[in-house]
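Note that the sequence shown covers residues 13 to 146 in this note's numbering. Ideal Cβ positions, reconstructed from N, Cα and C, are used throughout, including at glycine. Structure first, commentary second.
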Amino acid sequence: MDTNRINVLIVDDEPAFRDNMVRMLGIQDDITPVCADCGESALEILRDTACDVVLLDMKMPGLNAIGTYKGMRAMGCDAEVIVLTGHASVDDAMEMMRLGAFDYLLKPCPTKEIVRKIRWAFENSKIRRNPRKE
Numbered sequence: 013m014d015t016n017r018i019n020v021l022i023v024d025d026e027p028a029f030r031d032n033m034v035r036m037l038g039i040q041d042d043i044t045p046v047c048a049d050c051g052e053s054a055l056e057i058l059r060d061t062a063c064d065v066v067l068l069d070m071k072m073p074g075l076n077a078i079g080t081y082k083g084m085r086a087m088g089c090d091a092e093v094i095v096l097t098g099h100a101s102v103d104d105a106m107e108m109m110r111l112g113a114f115d116y117l118l119k120p121c122p123t124k125e126i127v128r129k130i131r132w133a134f135e136n137s138k139i140r141r142n143p144r145k146e
């Protein structure tokens, strides 16, 4: 297993957004994208697939980002979560950050910015999982 490769789960109910993200992230040398179209599917994937970072749409039918995030943590998944939304809500952003999301971005967000945040989240997760022993 390549420890420098970033496995990213894209969770969004908009097929065009998912397809675009897979295409844009797939051309990065260090990122492997996987997709889910809803929170329930994301939890199923995370039961069987190790992901480092989850790009999570805030508003989806069924489980929204908050429910999906809580489900991830309940099953022991410690992937970093970056929330993406086209529907800005200060309350939603505050709740996700309070729960422990890594970041909260508004759609449309430049791919370059998303890639930068993914890499930053991945580095943060490596530090969190393997703290230096003094």
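Query: Cβ-based neighbour list, His99, same chain, cut-off 6 Å, excluding 5 preceding and 5 following; Result: Lys71
Query: Which of helix, strand or coil DSSP assigns to Pro27; Result: helix
Query: Whole runs of the beta strand (DSSP E) within the stretch 57-112, excluding any shorter than 3 residues; Result: 65-69 and 92-97
Query: Neighbour-count burial assignment, Leu118, 16 or more Cβ in a 10 Å radius; Result: exposed
Query: Local conformation of Ala54 per DSSP, three classes; Result: helix
Query: Alpha helix (DSSP H) segment containing Ile39, residue limits; Result: From DSSP, Ile39 is part of no alpha helix (DSSP H); its letter is neither H nor E.
Query: Spatial neighbours of Ser101 in its chain, beta-carbon cut-off 8 Å, leaving aside the 5 residues before and after; Result: Met70
Query: Beta-carbon contacts of Met13 that lie in its chain and below 6 Å, excluding the five residues immediately before and after; Result: Residue placement at Met13 is poorly supported in this model, since its pLDDT is 49, which falls under 50; the coordinates still yield a value, given next. So no residue of the chain qualifies.
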